[in-house]
Every structure is written in C-alpha cells, then in structure tokens.
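Numbering (our numbering), first residue to last: 80 to 273. Just below is one structure, and these are the notes that go with it.
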C-alpha cells in the first residue's frame, strides 16, 4: 500500500514537471497556506504472522510554505490527532498526538493542478489522560520524519483544494524507531499572489 501510494505520487509529480516548463517561467505564489482534516493511521504490534493492527485517529493539519522559486519551497507542517476510549466503565481515556515538521518542498505547478513532494524533519508529542486526571509518565516527545507529498486542484489562482496529502511518518520514541504510521490529509489551500 505504501509503495503503491509513493509510486503514484512520483508518477503524478513527473507528469506535472514534464508539462510544467511554461508554468515555471510564470509568476508563482511566494506564500501558500493549507488547513484541513487529517487522519493518522497508527500501526500497532504485529501478531505471530506479521500482521499489524492499525488504529485510525482523526484531527487537523495546517501548513505554511514559503516558495523560494517556482519549484523549491520551505514548509512548516503541524498536525493534531485525538481519540477517546471508554473500555473501562466510568473511566474515559483520551489520547492526543501532535506533529511539528519543517523542511524543503519540491513543487510542480500546472494550470489546473499542482503537485508537491517533501522531506521534513521535526518532532512529535503524545499524551494520555483519563477522566480521573493525567497519568504520570504518559506524555512523550519524540523525533519525527515526514516523507510524502500531495496534489492540489486549482479552483482559482489564489484558492485551491488539497485533494490528498500523504505522509509516511517514521518516528523515534524512547530509543526505538517505529515506521508504521502514515497520515492522510485534505482541505483548502490559499495562495498569496504578488
């Protein structure tokens, strides 16, 4: 699944770059802002035959990109995801997860759509609390990578719809790497035009 999504993004990015020579000579937005819905698919422990349970948690995603050229930009990407469980009668358990990522973005701009790919670095913060209060030792900070990209459909020159953003999020918490998490997002894009 992950390989298929990466290949699809790479092919779409290559097609947009190939047809993008004329657009590269045109003006480009120096600043782009995205906000929208996000789903974080978290991989759980593997069973005896290697299948991992997955849990989906939902929340928001926000990013701001400063474009240095039509093709190269710098992005700051933030997300928050939340889940509640009430498996124990009378006790609600709440899980919060936050991501903050920064790094370079490559853009391919067309008249009807724009594609991007990025390699981001940053951190993650997770916490666990109950209706009885916060449980000591259940908050954790970790190192996070964000490798992915997405497609924006251009509604107008300034306004777009992010049809899909996909990020593979390998993380390092408490000395161990986890590479099972992926994040999907969609929403609206506003471009500040010169």
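Even for Gly, the Cβ is constructed at its ideal location relative to N, Cα and C. Quick caveat, the model's predicted, so the values are computed rather than measured.
With DSSP collapsed to three states, give me the class of residue i.
| i | result |
| --- | --- |
| residue 260 | coil |
| residue 244 | strand |
| residue 191 | coil |
| residue 146 | strand |
| residue 172 | strand |
| residue 182 | strand |
| residue 253 | coil |
| residue 107 | coil |
| residue 273 | coil |
| residue 237 | coil |
| residue 211 | coil |
Just checking my contact of residue i with residue j at CB under 8 Å: how many whole Å lie between their CB atoms?
| i | j | result |
| --- | --- | --- |
| residue 187 | residue 194 | 5 Å |
| residue 110 | residue 157 | Not quite, the Cβ-Cβ distance comes to about 16 Å (not below 8 Å), so this is no contact. |
| residue 41 | residue 140 | Residue 41 is absent from the structure shown; the chain starts at 80 and stops at 273. |
Between the C-alpha atoms of residue i and residue j, what's the straight-line distance to the nearest angstrom?
| i | j | result |
| --- | --- | --- |
| residue 133 | residue 120 | 6 Å |
| residue 106 | residue 143 | 19 Å |
| residue 234 | residue 163 | 36 Å |
| residue 224 | residue 148 | 24 Å |
| residue 196 | residue 231 | 12 Å |
| residue 181 | residue 155 | 5 Å |
| residue 190 | residue 174 | 41 Å |
| residue 138 | residue 273 | 32 Å |
| residue 122 | residue 203 | 16 Å |
| residue 167 | residue 211 | 12 Å |
| residue 136 | residue 256 | 20 Å |
| residue 153 | residue 226 | 14 Å |
| residue 185 | residue 251 | 25 Å |
| residue 245 | residue 207 | 26 Å |
| residue 169 | residue 243 | 38 Å |
| residue 127 | residue 192 | Here the model assigns residue 127 a pLDDT of 49, short of 50, so the residue's position is not dependable and the matter cannot be decided. |
Just to confirm my understanding: we take residue i, look at its own chain, exclude 5 residues before and 5 after, and list those with CB closer than 8 Å. What are they?
| i | result |
| --- | --- |
| residue 267 | 113, 114, 115, 238, 239, 240 and 241 |
| residue 253 | 219 and 221 |
| residue 165 | 171 and 172 |
| residue 161 | 136, 137, 138, 173, 174, 175 and 176 |
| residue 209 | 170, 171, 172 and 173 |
Using DSSP's beta-bridge definition, name the partner residues of residue i.
| i | result |
| --- | --- |
| residue 218 | None, per the DSSP bridge assignment. |
| residue 132 | None; residue 132 has no bridge partner. |
| residue 167 | 170 |
| residue 200 | 181 and 224 |
With a CB to CB cut of under 6 Å and the five nearest residues on each side skipped, what residues in its chain are close to residue i?
| i | result |
| --- | --- |
| residue 270 | 108, 111 and 237 |
| residue 258 | 249 |
| residue 205 | 176 and 219 |
| residue 261 | 120 and 247 |
| residue 118 | 135, 137 and 263 |
| residue 159 | 138, 139 and 177 |
Does the beta carbon of residue i sit closer than 9 Å to a beta carbon anywhere in chain C?
| i | result |
| --- | --- |
| residue 186 | The question asks about chain C, but that chain is absent: this structure has only one protein chain. |
Can you list, in chain order, the residues of its chain whose CB lies under 7 Å from that of residue i, leaving out five sequence neighbours each side?
| i | result |
| --- | --- |
| residue 200 | 180, 181, 182 and 224 |
| residue 151 | 183 and 185 |
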